[in-house]
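Structure, as structure tokens:
Numbering (our numbering), first residue to last: 13 to 119.
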């Protein structure tokens with residue numbers, strides 16, 4: 013049985029460059045879940061065994077930076093205070109990359 017391999021690059025251009033480098037000739041491209049992220053597919057080898065390889069990329073940022081909740085009310089916070097404030101890193105939810113990965117996992 014041919015194994016399936018999914019590779020996810022940081023940018024669409026990196027996904028395409030990986031496909032060109034690894035495909036040993038020809039690969040097919042199709043539109044992915046996001047209009048900017050194509051899925052590049054080809055037969056190849058993975059860890060010494062035949063594989064159907066799919067390479068795609070994420071769209072947008074996985075994390076965002078924000079101020080703490082107590083500083084998020086623009087009507088009550090002195091803007092100068094924001095320059096001295098620490099920021100917090102938050103994971104972004106509901107973006108295309110989550111649905112894209114879910115879609116590819118079910119193929």
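We put the CB at the ideal spot given by N, CA and C, even for glycine. Fair warning: this is a prediction, and the values are worked out from it, not measured in the lab.
Buried or exposed by the 16-neighbour rule on C-beta atoms within 10 Å, applied to residue i
{"i": "residue 75", "result": "exposed"}
{"i": "residue 53", "result": "buried"}
{"i": "residue 67", "result": "buried"}
{"i": "residue 70", "result": "buried"}
{"i": "residue 31", "result": "buried"}
{"i": "residue 27", "result": "buried"}
Cβ separation of residue i and residue j, assumed to be a contact under 8 Å, to the nearest whole Å
{"i": "residue 44", "j": "residue 50", "result": "6 Å"}
{"i": "residue 13", "j": "residue 65", "result": "Residue 13 to residue 65, Cβ: 15 Å. No contact."}
Nearest residue (CA-CA) to residue i, options the options
{"i": "residue 62", "options": "35, 80, 71, 94", "result": "35"}
{"i": "residue 23", "options": "58, 46, 15", "result": "46"}
{"i": "residue 72", "options": "93, 105, 33, 15", "result": "105"}
{"i": "residue 102", "options": "79, 91, 87", "result": "79"}
{"i": "residue 48", "options": "97, 98, 58, 25", "result": "25"}
### Task
Ignoring anything shorter than 3 residues or poking outside the region 35-115, list the beta strand (DSSP E) runs there in chain order.
40-43, 50-58, 61-69, 75-78, 100-103
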